[in-house]
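Comments concern the structure below.
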Amino acid sequence: MEMFGLIKLKDFAKSINTPESTVRTWKRRGEIPEKCFKVIGNTVFVRVKETQAFMGA
Numbered sequence: 025m026e027m028f029g030l031i032k033l034k035d036f037a038k039s040i041n042t043p044e045s046t047v048r049t050w051k052r053r054g055e056i057p058e059k060c061f062k063v064i065g066n067t068v069f070v071r072v073k074e075t076q077a078f079m080g081a
């Protein structure tokens with residue numbers, strides 16, 4: 025569910041058919057720019073527009 029242009033990292037991983045752990049590894053390694061993420065409390069969200077732009081979608 026997208027709200028305010030954010031989706032949970034686990035939902036993003038599902039949408040691209042990739043394990044959540046792989047997306048977290050990409051994030052940690054900087055393979056996906058930090059600007060594509062937003063942390064609120066203990067939850068990591070993906071900024072939809074920034075990620076789509078990065079992925080060329």
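Those letters in the sequence shown? Residues 25 to 81, per my numbering, in order.
Glycine included, C-beta positions come from ideal geometry on N, C-alpha and C.
Cβ neighbour criterion (16 or more within 10 Å) applied to residue i
| i | result |
| --- | --- |
| Phe-78 | exposed |
| Phe-28 | exposed |
| Arg-71 | buried |
| Thr-42 | exposed |
| Thr-75 | buried |
| Ile-31 | buried |
Span of the alpha helix (DSSP H) around residue i
| i | result |
| --- | --- |
| Thr-67 | Where Thr-67 is concerned, there is no enclosing alpha helix (DSSP H), although the beta strand (DSSP E) it sits in stretches over 67-71. |
DSSP beta-bridge partners of residue i
| i | result |
| --- | --- |
| Ile-31 | Val-70 |
| Val-47 | BP columns for Val-47 are empty, so no partner. |
Where the beta strand (DSSP E) through residue i begins and ends
| i | result |
| --- | --- |
| Lys-62 | 61-64 |
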